[in-house]
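In my numbering, the protein residues as written are 53 to 361. Cβ coordinates follow ideal geometry from the N, Cα and C atoms, glycine included.
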Amino acid sequence: MEIFSTAVLIFVAAILIAAVAANVRIVPQGNVYVIERLGTYLCTWGAGLHVKLPFVDRIANNVSVKEQVVDFVPQSVITKDNVTMQIDTVVFFQVTDAKMLTYGVESPLAAIENLTATTLRNIIGSMELDHTLTSRDYINSTITETLDKATDKWGIKVNRVEVKNIVPPKEIMAAMERQMKAEREKRESILLAEGEKQSKILIAEGEKESAILRADAVKEQKIREAAGEAEAVRVVQQAVADGIRMLNEAAPTKEIIALKSLEAFGRAADGRATKIIIPSEIQGIAALAYSLKELMRDDASVKREAAEK
């Protein structure tokens with residue numbers, strides 16, 4: 053009898069331990085549990101140890117509150133200029149209210165995907181192809197703003213949306229490649245023309261500098277020649293002035309002055325002068341010359357007589 057009682061107690065204790073263990077939950081960090089009691093929302097468990105009532109409480113939903121990244125399949129969209137293309141997006145979102153997520157929407161991921169596709173088609177439908185290819189930031193921000201407003205009632209915060217790929221049709225891509233090639237060739241031609249222009253400018257500037265230097269050299273040469281001629285004239289005039297001064301200091305006689313005048317007249321008439329100025333005292337000079345001639349004749353007669361003796 054005692055053995056039976058002990059077995060019953062052990063069995064009951066095991067059931068109680070199992071029941072407690074089944075109703076004790078440890079919520080990991082980054083997750084929350086939505087708890088219902090008798091089918092009605094009761095509370096939301098955060099990270100830590102929690103105990104629920106057996107057969108009354110139940111875990112309605114296990115929700116991750118970490119940021120989630122969902123890569124949706126490419127969507128077929130049509131631009132304003134009737135070009136069909138494939139665009140796929142990546143959505144970054146985070147649950148902010150587990151209760152609203154649990155009771156506000158049946159399938160959150162499907163709802164976000166469909167809302168993303170609809171918003172993307174509306175945006176691309178109002179843009180032309182060229183604008184679409186160059187407006188990723190605008191598309192991203194517009195989709196993010198639209199999704200964030202629409203998912204507030206679901207307890208979801210859309211942090212950002214990124215356009216992953218934009219794939220135009222093959223013929224459009226071929227045309228774009230031809231356009232890019234033409235643009236590269238155009239830029240190359242412009243660069244070559246600019247280089248040739250710059251080269252010609254440099255050559256012209258070099259020739260200009262060379263001409264300026266040559267002109268400066270000729271100018272300097274003429275200045276030096278003029279300075280040399282001026283110095284020569286000054287030296288000659290100084291010499292003439294010195295000669296006159298010395299002649300005045302020597303107190304020459306009238307005959308010596310006349311003789312010097314005759315010598316100057318002879319030098320003036322040596323054939324290099326183009327003009328000869330004859331002084332008013334030419335007769336006196338001629339008389340002086342005759343006197344000198346007579347003196348020389350007398351001197352020659354005296355020398356002959358001395359030789360005969």
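| Asked | Found |
| --- | --- |
| Assigned secondary structure, Met179 (DSSP; H/G/I helix, E/B strand, else coil) | coil |
| Cβ shell of Val113 (< 8 Å), same chain only, five flanking positions each side left out | The question names Val, but residue 113 in the sequence shown is Asn. Excluding positions up to five away in sequence, the list reads Tyr85, Val86, Ala150, Leu153, Thr154. |
| Rounded separation between Glu248 and Glu257 - CA only | 14 Å |
| Below-8 Å beta-carbon distance, Glu277 vs any chain C residue | This model lacks chain C altogether, as it is built from one protein chain only. |
| Beta carbon of Arg188 nearer than 8 Å to that of Val215 | yes |
| The alpha helix (DSSP H) enclosing Ala202, as first and last residue numbers | 188-202 |
| Distance between Ala169 and Ala162 (C-alpha atoms, nearest Å) | 11 Å |
| Validate contact between the segment 120-135 and the segment 174-187 using beta carbons, cut 8 Å, 3 pairs | yes |
| Separation of Phe144 from Asn211, as counted between CA atoms | 6 Å |
| Under 8 Å between C-beta atoms of Asn83 and Lys104 | no |
| Beta-carbon gap between Asp140 and Gln127 smaller than 8 Å | yes |
| Exposure label - Ile334; buried when at least 16 CB within 10 Å | Here Ile334 scores only 48 on pLDDT, less than 50, and its place in the model should not be relied on; the value that follows carries that caveat. Under this definition Ile334 is an exposed residue. |
| Supposed contact pair Thr171 and Thr198 - C-beta distance, whole angstroms, cut 8 Å | 5 Å |
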